[in-house]
Amino acid sequence: MKAKHVWFFMLIFISLFVTACTKNEVEGNEVKKNDIDTKVRNVVVEYFKQKNSNQLNSVNEWENASVKIFTADETYKNLDESYIGKEIFVVTKVDALAAPLVFVDPNTLEVIGIMPGE
65 MKAKHVWFFM LIFISLFVTA CTKNEVEGNE VKKNDIDTKV RNVVVEYFKQ KNSNQLNSVN
125 EWENASVKIF TADETYKNLD ESYIGKEIFV VTKVDALAAP LVFVDPNTLE VIGIMPGE
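Written as structure tokens, this is what we have:
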């Protein structure tokens, strides 16, 4: 009878341990994504500061901008053709009409193009 209890508690302990490890791994991946998104947003803000752009007036909106990864294709204007077929970051202001799309190279974290808003 004691052997059954020991095995039962060992099974519960192992299950909890495995579950905790899996959760930490997922949380770690989310933190890494948030860090990358923040770096990409900062690159865009610095780009507009260097260009003395009128987009700089809305720095807060760019600091909270949406960052997504897309595969570049021919529909993206003002983008070097060498990026077509490759994944790039596309940054745009959230809840802004006619906001430009800012393209950022995921390897160098440099702005590689801007497609004006409509």
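In our numbering, the protein residues as written are 65 to 182. Even glycine gets a Cβ: it sits at the ideal position worked out from N, Cα and C.
8 Å contact criterion, which residue i and residue j should meet: CB distance rounded
i: Lys132; j: Val158; result: About 11 Å separates the two Cβ atoms, so there is no contact after all.
i: Met179; j: Leu165; result: 4 Å
Nearest-angstrom Cα separation, counted from residue j out to residue i
i: Ile148; j: Gly181; result: 20 Å
i: Thr172; j: Ile152; result: 11 Å
i: Val107; j: Phe134; result: 18 Å
i: Ile78; j: Thr156; result: 45 Å
i: Asn124; j: Ala163; result: 14 Å
i: Asn98; j: Lys66; result: 48 Å
i: Ala129; j: Met74; result: 48 Å
i: Gly92; j: Lys150; result: Residue placement at Gly92 is poorly supported in this model, since its pLDDT is 48, which falls under 50; the coordinates still yield a value, given next. Approximately 26 Å between the Cα atoms of the pair.
i: Tyr140; j: Lys103; result: 22 Å
i: Lys115; j: Ile76; result: 59 Å
Helix, strand or coil at residue i [DSSP, three-state]
i: Leu161; result: coil
i: Ile148; result: coil
i: Lys115; result: helix
i: Lys141; result: coil
i: Thr102; result: helix
Contacting residues, own chain, Cβ-Cβ under 7 Å from residue i (five flanking each side not counted)
i: Asp137; result: Ile148
i: Asp101; result: Val131
i: Glu127; result: Arg105, Val109
Own chain partners of residue i with C-beta closer than 8 Å, once the 5 adjacent residues on each side are dropped
i: Ile176; result: Leu143, Asp144, Tyr147, Ile152, Phe167, Val168, Asp169
Close-in-space but distant-in-sequence residues of the same chain around residue i (CB under 6 Å, 5 per side omitted)
i: Tyr111; result: Val175
i: Lys68; result: none
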